[in-house]
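Student:
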Amino acid sequence: MPMVTTQRADMSFCPGCSHGIVLEQIGAALERMGLQPEQVCLVSDIGCIGIADRYFSCHTFHGLHGRSLTYAEGIKRVRPDLMVIVLIGDGGCGIGTAHLVHSARRGVGIKVLVCNNFNFGMTGGQHSPTTPPHGCTATTPDGVVDSPFDVCQTVMVNGASHVARCSAHDRTCGEVIEAALRSPGFALVDLWELCVAYYVPTNKLSPPALVELSERLELPFGLLRSIPRPAAETEPCPTVERDPAAASGASEQGRSITWRGRTEICVAGSAGQRVRSAVGVIGEILVAGGVFTAQHDDFPITVRKGHSISNLVVSDVPIQYTGMDAPDVVVVLSEDGLRRLSGVSSLKPSCLVVAEGSLVLPPVSAEVRRFDLRTIGKVADKASAALVIVTAALVHGKWIEPHTLLAAAKQCVSGRYAQENLRAIEAGCRLQLSMDASSPMTVPD
Ligand code: SF4
Ligand SMILES: [Mg+2]
Numbered sequence: 002m003p004m005v006t007t008q009r010a011d012m013s014f015c016p017g018c019s020h021g022i023v024l025e026q027i028g029a030a031l032e033r034m035g036l037q038p039e040q041v042c043l044v045s046d047i048g049c050i051g052i053a054d055r056y057f058s059c060h061t062f063h064g065l066h067g068r069s070l071t072y073a074e075g076i077k078r079v080r081p082d083l084m085v086i087v088l089i090g091d092g093g094c095g096i097g098t099a100h101l102v103h104s105a106r107r108g109v110g111i112k113v114l115v116c117n118n119f120n121f122g123m124t125g126g127q128h129s130p131t132t133p134p135h136g137c138t139a140t141t142p143d144g145v146v147d148s149p150f151d152v153c154q155t156v157m158v159n160g161a162s163h164v165a166r167c168s169a170h171d172r173t174c175g176e177v178i179e180a181a182l183r184s185p186g187f188a189l190v191d192l193w194e195l196c197v198a199y200y201v202p203t204n205k206l207s208p209p210a211l212v213e214l215s216e217r218l219e220l221p222f223g224l225l226r227s228i229p230r231p232a233a234e235t236e237p238c239p240t241v242e243r244d245p246a247a248a249s250g251a252s253e254q255g256r257s258i259t260w261r262g263r264t265e266i267c268v269a270g271s272a273g274q275r276v277r278s279a280v281g282v283i284g285e286i287l288v289a290g291g292v293f294t295a296q297h298d299d300f301p302i303t304v305r306k307g308h309s310i311s312n313l314v315v316s317d318v319p320i321q322y323t324g325m326d327a328p329d330v331v332v333v334l335s336e337d338g339l340r341r342l343s344g345v346s347s348l349k350p351s352c353l354v355v356a357e358g359s360l361v362l363p364p365v366s367a368e369v370r371r372f373d374l375r376t377i378g379k380v381a382d383k384a385s386a387a388l389v390i391v392t393a394a395l396v397h398g399k400w401i402e403p404h405t406l407l408a409a410a411k412q413c414v415s416g417r418y419a420q421e422n423l424r425a426i427e428a429g430c431r432l433q434l435s436m437d438a439s440s441p442m443t444v445p446d
């Protein structure tokens, strides 16, 4: 599988934006290094570069403004075997400057790639800490008067072992990135880019002008430091539990749930249908029973309206790849969820699709079962419909025996909604899904 899954032209960046070039170079460098997607974790935060994770097949983590280094350092400390790459913009670097300083000081071997286009592109071209003097932006129409933030010197004086700066449009960009990825300690590359939507038009920037800018500001391109400082995480952290089975309280012998192989479950509905909670409850029960799970959610920034999708990977062995390539179970609760789902018509024939009775599905070769959302209230709390149906799908497909799921649920479900969730799981275990959309399910007494 390629590391970068999308052609540059199909990425959601403005045509001509440098971000796509950098992503291609990162992907190519990782492939030259022979790394597989499950050996890499890409961490991002805000800005246009923050959407980059969707174009990679590796592990990804998307977090809050300027905090990507904190997540990355945590991931690297727990999983020193992973190549952990931070993709951050100049805006994120400004917001998270303190993290930059202290990560460099601690020397954990994360690789920080700063996609520096001298402005906050996503929010309309406001000036950032790296905007050069005289740079005109939406917030500095007469030009910036401050000195630019020198990202490279900042991390160098704080102990970074590998530091470089280059233009994203230079033919050596890929080599510069690869050298940083190969260095053992904390590495940073300041990649100068073009934001064609905002910074370029008002400042007449171009690939050659980036070189002139570097000379004028005396912020040179090239390798600025490469010293052999071993990565801090090579000393194992004694407080970190490295055995996931032990961390979950389960051992091979002590498993209460037997799961065969890897199962990919996708639940698609609307905001307010408790889709993510339902998947979370099932995931927690399975983990408590000794099974490995990974949950991945998708919902719009509005949170309280639109789609809500939750993906759960379940496996009898530790999960290295958390992506979903060919779901085994797809539960569709609403039109919002159906609209958001891609590739429904190409689901594999062995996939079980469980869809609300009124939804019009495209032709599928997978097995389709139906349920009636309006009558869930007869068997459980209406608000728990998602949990009822996900349970019914797992039981119907024989991924788990109802008595095993119920027993595990009784052991581990807790908190404010414990009773409600248990009722929903009990109802789901009894629910008979139908093949007929006009007569969608039966509920035995
Ligand atoms: S706004 Fe700027 S940084 Fe964002 S995609 Fe467009 S060109 Fe790239
Ligand atoms: Mg920027």
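For the sequence shown, our numbering assigns the number 2 to the initial residue and increments by one for each residue that follows.
Positions of the beta carbon are idealized from the N, C-alpha and C atoms, including for glycine.
#1: Under 6 angstroms, CB to any heavy atom of ligand 2. Which residues pass, going along the chain?
#2: I'd like to check one pair, residue 389 with residue 429: are the Cβ atoms closer than 8 angstroms?
#3: Measuring CA to CA, which of 326, 305, 318 is closest to residue 297?
#4: Report all residues from its chain with a CB closer than 8 angstroms to the CB of residue 173; omit the five preceding and five following residues, and keep chain order.
#5: Going straight from the alpha carbon of residue 205 to that of residue 46, what length do you get?
#6: For residue 312, name the three-state secondary structure that DSSP assigns.
#7: Within its chain, find whatever has a CB closer than 7 angstroms to the CB of residue 214; leave out the 5 residues flanking it on each side and keep chain order.
#8: Can you tell me which of the three DSSP states residue 157 falls into?
#9: Can you tell me whether DSSP reads residue 303 as helix, strand or coil?
#10: Say the cut is 7 angstroms; is the CB of residue 408 nearer than that to a heavy atom of ligand 1?
#11: Just to confirm, does residue 197 get its C-beta within under 7 angstroms of one of the non-hydrogen atoms of ligand 1?
#12: When you compare only the Cα positions, how much space is there between residue 268 and residue 348?
#13: Tell me whether residue 397, by its Cβ, gets closer than 7 angstroms to a heavy atom of ligand 1.
#14: Quick check on DSSP: helix, strand or coil for residue 368?
#15: In angstroms, rounded to a whole number, what distance separates the CA positions of residue 2 and residue 408?
#16: Our contact map puts residue 169 next to residue 192 with C-beta atoms below 8 angstroms; I'd like the distance itself, whole angstroms only.
#17: Is the closest heavy atom of ligand 1 to the C-beta of residue 15 under 7 angstroms?
#18: Does the segment 114-122 touch the segment 69-84, meaning 3 or more C-beta pairs lie closer than 8 angstroms?
#19: Tell me residue 112's beta-bridge partners as DSSP assigns them.
#20: Spatial neighbours of residue 280 within its chain, please: CB distance less than 7 angstroms, with the 5 preceding and 5 following residues excluded, ordered by chain position.
#21: How about residue 18 and residue 38: are their beta carbons less than 8 angstroms apart?
#22: Following a CB-centred definition, is residue 20 positioned closer than 7 angstroms to any heavy atom of ligand 1?
#23: Using C-beta distances below 6 angstroms, list every residue in its chain close to residue 26, excluding the 5 sequence neighbours before and after it, in chain order.
#24: Are the CB atoms of residue 160 and residue 108 within a distance shorter than 8 angstroms?
#25: On the three-pair Cβ rule with 8 angstroms, is the segment 143-161 touching the segment 93-106?
#26: Do you know offhand how far residue 10's Cα is from residue 344's?
#27: Look at the alpha carbon of residue 385 and the alpha carbon of residue 94, and state the distance between them as a whole number of angstroms.
Tutor: Taking the structure as given:
#1: Going by the Cβ distance cut-off, the answer is 48, 90, 91, 92, 118, 120, 121, 122, 129.
#2: The answer is yes: Cβ separation under 8 angstroms.
#3: Of the listed residues, the one whose Cα sits closest to residue 297 is 326.
#4: Beyond the five residues adjoining it in sequence on each side, residue 173 comes within less than 8 angstroms, by CB distance, of 167 in the same chain, given in chain order.
#5: Their Cα atoms are separated by approximately 28 angstroms.
#6: Residue 312 falls in the strand class under three-state DSSP.
#7: So the list reads 133, once near-sequence residues are dropped.
#8: DSSP, read as helix, strand or coil, puts residue 157 in helix.
#9: Secondary structure at residue 303: coil, using DSSP grouped into helix, strand and coil.
#10: Outside the cutoff, so no.
#11: Yes, since a heavy atom of ligand 1 falls inside the 7 angstroms radius drawn around the Cβ of residue 197.
#12: Across the structure, residue 268 and residue 348 are spaced so that their CA atoms are roughly 14 angstroms apart.
#13: Residue 397 Cβ: outside cutoff for every heavy atom of ligand 1.
#14: Strand at residue 368.
#15: Cα to Cα, the separation comes out at about 39 angstroms.
#16: Indeed, because the Cβ distance is near 5 angstroms, the residues count as touching under 8 angstroms.
#17: Result yes, Cβ under 7 angstroms from ligand 1.
#18: No, because fewer than three Cβ pairs between the segment 69-84 and the segment 114-122 fall closer than 8 angstroms, the two stretches do not touch.
#19: DSSP, once it has assigned bridges, lists 86, 188 as partnering residue 112.
#20: Closer than 7 angstroms at the Cβ level, and outside the excluded window around residue 280, lie 268, 296, 311, 313, 391.
#21: No; because the gap between Cβ atoms is not below 8 angstroms, this pair is not in contact.
#22: Yes, Cβ of residue 20 sits closer than 7 angstroms to a heavy atom of ligand 1.
#23: Same-chain partners within the cutoff: 174, 175, 178.
#24: In terms of Cβ geometry, residue 108 and residue 160 form a close pair [threshold 8 angstroms].
#25: Judged by Cβ distances under 8 angstroms, the segment 143-161 makes contact with the segment 93-106, as three or more pairs qualify.
#26: Note on geometry: alpha-carbon atoms of residue 10 and residue 344 lie some 21 angstroms from one another.
#27: Spanning the two alpha carbons is a distance of roughly 42 angstroms.
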